[in-house]
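**Q** Before I ask anything, here is the structure I am working with.
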Amino acid sequence: RDCREEVVWWAFTADICMTLFKGILGLMSGSVALVADSLHSGADVVASGVTQLSLKISNKPADERYPFGYGNIQYISSAIVGSLLLIGASFLMYGSVVKLISGTYEAPSIFAALGASVTVIVNELMYRYQICVGNENNSPAIIANAWDNRSDAISSAAVMVGVIASVIGFPIADTIAAIGVSALVGHIGLELIGKAVHGLMDSSVDTELLQTAWQIATDTPLVHSIYFLRGRHVGEDVQFDIRLRVDPNLRIKDSSMV
């Protein structure tokens, strides 16, 4: 099992533990924000599972049905993760706003803040681990999952602040924190969906990479000039379409050397 699959399994395990930990502690301490955050972690569990599946599929070699390979499945995975975050955020926002309007809120136990602080540390560590592996392997699915954990870390930090404020005399702060958490999670979900759409629509690679490809092609023996070059991301890979001019005296059977 390579490092890509390993990091997702670690994230999957951590997300399950955090979901149970925050859910139980939130119910016991009376923190609506922590319970809401546990639902966010529950979405993370599903997201990690989707990411793991997409990595297995994207590793399959190209075939007659998919001659360009299965790399784009990672963009679909990223869109699913983003959609889960957006849907979860919408429900959290609705419930929190209703609670705020009705005025039915009370200060939770300080243990909710302690629990939130633990999840901040765990999720930030998982973010750093995954973002490193994701960037090294140019994996949209792992990067999306990493940002999912970063959003969980930030939301847990907001929960911690809200709980502390509630305990010291501002009971409404816990509910306000839940609203802030849902807004943040929704924003990250929209960003992930947007990046996935760009990938599925074959958005161009950055200018620096195109220039590098142009230089490599130009320096290739027997190539006289390049008159067309474009590139696109296909999951973890980059594909280039290059049209070039070669020596007019080059025999056709020797063209494969270029």
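To convert, note that position 34 of the sequence shown is 34 in the UniProt record's numbering; the numbers rise steadily by one, no gaps. Beta carbons are placed, not taken as given, at the ideal position from N, Cα and C, and that holds for glycine. In this text, all values refer to a predicted model and were calculated from it rather than measured experimentally.
If distances are taken between C-alpha atoms only, which option among Val-161, Gly-88, Asp-152, Trp-9 comes closest to Ser-48?
**A** Counted from its first residue, the sequence shown places residue 48 at position 48. Nearest of Val-161, Gly-88, Asp-152, Trp-9 to Ser-48, Cα basis: Trp-9.
**Q** Quick check: does the Cβ of Ala-158 come within less than 7 angstroms of any heavy atom belonging to the ligand ADP?
**A** Absent from the structure shown: the ligand ADP. Ligands present: none.
**Q** For Met-18 versus Asn-135, is the C-beta distance shorter than 8 angstroms?
**A** Sequence index remark: in the sequence shown, residue 18 carries index 18 (1-based). Sequence index remark: in the sequence shown, residue 135 carries index 135 (1-based). Contact flag unset, no.
**Q** Measuring CB to CB, does Leu-85 end up less than 8 angstroms from Asp-148?
**A** Within the sequence shown, residue 85 is the residue found at index 85, counting from 1. Within the sequence shown, residue 148 is the residue found at index 148, counting from 1. Yes.
**Q** Go ahead and label Arg-4 buried or exposed: buried means 16 or more other beta carbons lie within 10 angstroms of its beta carbon, across all protein chains shown.
**A** The residue given as residue 4 occupies position 4 in the sequence shown. Result: buried.
**Q** Between the Cα of Asp-241 and the Cα atoms of Met-28, Trp-214, Thr-220, which residue gives the shortest distance?
**A** Indexing the sequence shown from 1 puts residue 241 at position 241. Residue Trp-214 is the option with its Cα nearest to Asp-241.
**Q** So for Arg-4, helix, strand or coil by DSSP?
**A** Residue 4 sits at position 4 when you count from the first residue of the sequence shown. Of the three classes helix, strand and coil, the one that applies to Arg-4 here is helix, per DSSP.
**Q** Let me check understanding here. Comparing Cα to Cα, which of Val-81, Thr-175, Ile-142 lies closest to Glu-6?
**A** Looking up residue 6 in the sequence shown gives position 6. Comparing Cα positions, the closest option is Ile-142.
**Q** Using alpha carbons as the reference points, say which of Ile-16, Ala-144, Ile-57 lies closest to Ser-38.
**A** Start at 1 with the first residue of the sequence shown, and residue 38 comes out as number 38. For the residues Ile-16, Ala-144, Ile-57, the minimum Cα distance to Ser-38 belongs to Ile-16.
**Q** Tell whether a beta-carbon distance below 8 angstroms holds between Arg-243 and His-224.
**A** In the sequence shown, residue 243 corresponds to position 243, counting from 1. In the sequence shown, residue 224 corresponds to position 224, counting from 1. In this structure, His-224 does not lie closer than 8 angstroms to Arg-243 by Cβ.
**Q** If you reduce the DSSP assignment to three classes, tell me which class Gly-115 lands in.
**A** By 1-based counting over the sequence shown, the position of residue 115 is 115. If DSSP states are grouped into helix, strand and coil, Gly-115 belongs with the helices.
**Q** Could you tell me the distance, in whole angstroms, from the CA atom of Ser-182 to the CA atom of Val-81?
**A** Sequence index remark: in the sequence shown, residue 182 carries index 182 (1-based). Sequence index remark: in the sequence shown, residue 81 carries index 81 (1-based). Roughly 15 angstroms separates the two Cα atoms.
**Q** Counting pairs of Cβ atoms below 8 angstroms between the segment 216-223 and the segment 52-62, do you hit three or more?
**A** no
**Q** Mapping the DSSP letters down to three states, classify Val-238 as helix, strand or coil.
**A** In the sequence shown, the residue the question calls residue 238 occupies position 238. If DSSP states are grouped into helix, strand and coil, Val-238 belongs with the strands.
**Q** If you draw a straight line from the alpha carbon of Gln-74 to that of Gln-52, how long is it in whole angstroms?
**A** The residue you call residue 74 lines up with position 74 of the sequence shown. The residue you call residue 52 lines up with position 52 of the sequence shown. Distance between Gln-74 and Gln-52, taken at the CA atoms: about 10 angstroms.
**Q** Under a Cβ-count criterion, where at least 16 other Cβ atoms within 10 Å of its own Cβ denotes burial, should Thr-175 be classed as buried or exposed?
**A** Looking up residue 175 in the sequence shown gives position 175. Looking at its Cβ environment, which holds 16 or more other Cβ atoms inside 10 Å, Thr-175 is buried.
**Q** Do Ala-36 and Val-163 count as a contact pair if the criterion is CB distance below 8 angstroms?
**A** Mapped onto the sequence shown, residue 163 falls at position 163. Mapped onto the sequence shown, residue 36 falls at position 36. Not in contact: Val-163 and Ala-36 (Cβ atoms no closer than 8 angstroms).
**Q** Do the segment 65-79 and the segment 195-213 touch if we need at least three Cβ pairs shorter than 8 angstroms?
**A** yes
**Q** By the 10 Å Cβ neighbour count, where 16 or more other Cβ atoms means buried, how is Leu-27 classified, buried or exposed?
**A** Indexing the sequence shown from 1 puts residue 27 at position 27. Exposed, since its Cβ has fewer than 16 Cβ neighbours within 10 Å.
**Q** Going by other Cβ atoms of all chains shown within 10 Å of its Cβ, with 16 needed for buried, is Arg-1 buried or exposed?
**A** Sequence index remark: in the sequence shown, residue 1 carries index 1 (1-based). Note that Arg-1 scores a pLDDT of 48, beneath 50, so its modelled location is shaky and nothing firm can be said.
**Q** Which same chain residues end up closer than 8 angstroms to Leu-54 when comparing Cβ atoms and leaving out the 5 residues on each side of it in sequence?
**A** Looking up residue 54 in the sequence shown gives position 54. According to the sequence as given, residue 54 is Ser; it is not Leu. Taken in chain order, the residues that qualify are Ile-73, Gln-74, Ile-76, Ser-77, Ala-141.
**Q** Please list the terminal residues of the continuous alpha helix (DSSP H) segment that includes Gly-194.
**A** Residue 194 sits at position 194 when you count from the first residue of the sequence shown. First-last of the alpha helix (DSSP H) with Gly-194: 172-200.
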